[in-house]
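Trainee: Numbering (our numbering), first residue to last: 363 to 784. Ideal placement from N, C-alpha and C gives every residue a C-beta, glycine not left out. Just so you know, these numbers come straight off a predicted model, no measurement behind them. Sharing a structure with you now.
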Ligand code: UD1
């Protein structure tokens, strides 16, 4: 397994262009199945999760190429709607394929995407939504068989604004007969991006970004060319890293409105942030201040995907901060690893009480999930001495060549791959 070795203590400095959003690209790739023909998607990041999605699409019979950030996907040759269990298990987001496959083929067979390091991740809202559109769903062990001769629009109220369920229902409803209304829909920017993509293919969807989405089903969709939005979580990770290392970084190709909750928290911590169009400048010359209370919640509140990274900054802040995780029950596993680097954190249920320390110290630590891994990299950059981050395949799921990106900002970070045995 590869690992990252970081010599900490050097402030990040320089300019960086933010990659395309993984969480927007994945549903958009799945949605491409709704139109027969060749769709071109630009600004697709080069990540493990994207590779898995493209491999699944190839397994279904599509032709897919990913070169220089552009995916060219020919879905005309797709001939099966059955996703093999081995591929389903590699990535939870494979569940996005249910809606498009059902709409295109009238049936699909997938598998439970399985457990997850950050806690139980149910798919009941996905299944209830598809059932409301007229699908017959049979669960045999891990296998989920879904059939619908005809999908029909429906009023669907989500008991929780699930990002994935909102997206799955939007995709299936795009080709359903009549109007679908999704209330208590998730409002994440990636959902707006999916709406823009589907509408570019000829769908009639309104309301993404609000809690009510209306989909007027159309008979068919046509392939298009589309550019994915910038990754707000990668941008947020770099912003926190700049602040934690007391650096000065300029981020290009961002959508600052998507980062307003983070910008607000960082400013409360005393970090200087200047926003100018799609550029964000982050600087932090002095010790950050503790932030009394931050709670992760669905967008536009503070995102769970930036909770672990922000925690690193708070471990170095002056005073006591409280960070509460409400989206995933198992998402505080990085606390043990940060404690091994000298952080002073007490966990009570889903809340972390963080007493800032003057510095962290390098250690050998293990990434337990994607964002926890990114947090440990930030901790390593800010710490005194050498940090080794293991299990970095988690990080490669969401950050394009993280060591190259950070080296360009002056970080002393290298990847070591094991020497293969003969
Ligand atoms: C998406 C993001 C992920 C982010 C999460 C929350 C992608 C590819 N991933 O994941 O990075 O952390 O949003 O912002 O976009 N739930 C149910 N039943 C369901 C679906 C979800 O109970 O049918 C629960 C989950 O267990 C979890 C919560 O709802 O506790 C949030 O899940 P959801 O919004 O669906 O997240 P994902 O779409 O999986």
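State the DSSP-derived secondary structure class of residue 592, mapped to helix, strand or coil.
Mentor: Residue 592: strand per DSSP, three-state reduction.
Trainee: Excluding five sequence neighbours on each side, which residues of the same chain lie with their C-beta closer than 7 Å to the C-beta of residue 742?
Mentor: For residue 742, where only same-chain residues beyond five positions count, the Cβ hits under 7 Å are 368, 370, 724, 749, 751.
Trainee: So the candidates are 776, 572, 446; which of them puts its Cα closest to the Cα of residue 507?
Mentor: Here the closest residue by C-alpha is 446.
Trainee: What ranges does the beta strand (DSSP E) occupy inside the stretch 412-484, keeping only unbroken runs of at least 3 residues that lie completely in it?
Mentor: Taking only runs of at least 3 residues, the beta strand (DSSP E) segments lying wholly in the stretch 412-484 are 425-429, 432-436, 469-473.
Trainee: For residue 651, which three-state DSSP category applies?
Mentor: If DSSP states are grouped into helix, strand and coil, residue 651 belongs with the strands.
Trainee: Put residue 380 into one of helix, strand or coil per three-state DSSP.
Mentor: If DSSP states are grouped into helix, strand and coil, residue 380 belongs with coil.
Trainee: My output table needs one value for residue 581: the three-state DSSP class, helix, strand or coil.
Mentor: Coil, per DSSP.
Trainee: Do you know whose CA, among 591, 608, 437, lies nearest residue 556's CA?
Mentor: When only C-alpha atoms are compared, the closest one is 591.
Trainee: Hey, is residue 657 close to ligand 1, as in C-beta under 6 Å from one of its heavy atoms?
Mentor: No, the beta carbon of residue 657 sits no closer than 6 Å to any heavy atom of ligand 1.
Trainee: In its own chain, which residues sit with a C-beta less than 8 Å from the C-beta of residue 686, not counting the 5 before and 5 after it?
Mentor: If we look at residue 686 and ignore the five residues flanking it on each side, its Cβ neighbours are 655, 656, 657, 658, 712, 713, 714.
Trainee: Decide if residue 502 is buried, meaning its Cβ has at least 16 other Cβ atoms within 10 Å, or exposed.
Mentor: Exposed.
Trainee: Quick one: what's got a C-beta closer than 6 Å to residue 432's C-beta in the same chain, skipping five residues either side?
Mentor: These residues qualify, in order along the chain: 404.
Trainee: Counting only runs of 3+ residues fully inside the stretch 651-685, write out the beta strand (DSSP E) ranges in chain order.
Mentor: Whole beta strand (DSSP E) segments, 3+ residues: 655-657.
Trainee: CA-CA distance, residue 462 and residue 777?
Mentor: Rounded to whole angstroms, residue 462 to residue 777 spans 38 Å at the Cα level.
Trainee: Helix, strand or coil, according to DSSP, for residue 363 in the structure here?
Mentor: Residue state, collapsed to three classes: coil.
Trainee: Nearest to residue 599 by alpha carbon, out of 492, 391, 411, 380?
Mentor: Nearest of 492, 391, 411, 380 to residue 599, Cα basis: 380.
Trainee: Quick check on residue 783: buried or exposed, where buried means 16 or more other Cβ atoms within 10 Å of its Cβ?
Mentor: Answer is exposed; the Cβ neighbour count stays below 16.
Trainee: Would you check if the distance between the CB atom of residue 374 and the CB atom of residue 771 is smaller than 7 Å?
Mentor: Yes, Cβ-Cβ distance for residue 374 and residue 771 is below 7 Å.
Trainee: Run through the DSSP bridge pairs and tell me what residue 616 is partnered with.
Mentor: For residue 616, which the question treats as bridged, DSSP gives no partner whatsoever.
Trainee: Is residue 487 near ligand 1 - that is, is its Cβ less than 6 Å away from at least one heavy atom of it?
Mentor: Yes, Cβ of residue 487 sits closer than 6 Å to a heavy atom of ligand 1.
Trainee: Whole angstroms are fine: how far does the CA of residue 504 sit from the CA of residue 705?
Mentor: Taking the straight line joining both Cα atoms gives about 41 Å.
Trainee: Quick check: is any heavy atom of ligand 1 less than 6 Å from the C-beta of residue 721?
Mentor: Residue 721: no, Cβ never under 6 Å from ligand 1.
Trainee: Would you kindly work out how many angstroms separate the C-alpha atoms of residue 663 and residue 409, rounded to a whole number?
Mentor: Cα to Cα, the separation comes out at about 26 Å.
Trainee: Any chance the CB of residue 689 is under 6 Å from a heavy atom of ligand 1?
Mentor: At least one heavy atom of ligand 1 is nearer than 6 Å to the Cβ of residue 689, so yes.
Trainee: What would DSSP say about residue 493, mapped onto helix, strand or coil?
Mentor: Of the three classes helix, strand and coil, the one that applies to residue 493 here is helix, per DSSP.
Trainee: Counting only the same chain and skipping the five closest in sequence on each side, list residues whose C-beta sits under 6 Å from that of residue 589.
Mentor: Cβ neighbours of residue 589 beyond the five flanking positions: 404, 405.
Trainee: Cα-Cα, which of 580, 586, 551 is closest to residue 570?
Mentor: Considering only alpha carbons, the answer is 551.
Trainee: Is the stretch 636-644 touching the stretch 671-686, taking contact as three or more C-beta pairs under 8 Å?
Mentor: No, they do not touch.
Trainee: Contact between the stretch 627-635 and the stretch 385-403 is defined here as three or more beta-carbon pairs at a separation below 8 Å; is this criterion met?
Mentor: Judged by Cβ distances under 8 Å, the stretch 627-635 makes no contact with the stretch 385-403, as fewer than three pairs qualify.
Trainee: Just confirm the distance between the C-beta atoms of residue 536 and residue 468, as a whole number of angstroms; I'd bet it's less than 8 Å.
Mentor: Not confirmed; about 15 Å, so no contact.
Trainee: Return yes when at least one heavy atom of ligand 1 lies under 6 Å from the C-beta of residue 483, else no.
Mentor: Yes - ligand 1 has a heavy atom lying nearer than 6 Å to the Cβ of residue 483.
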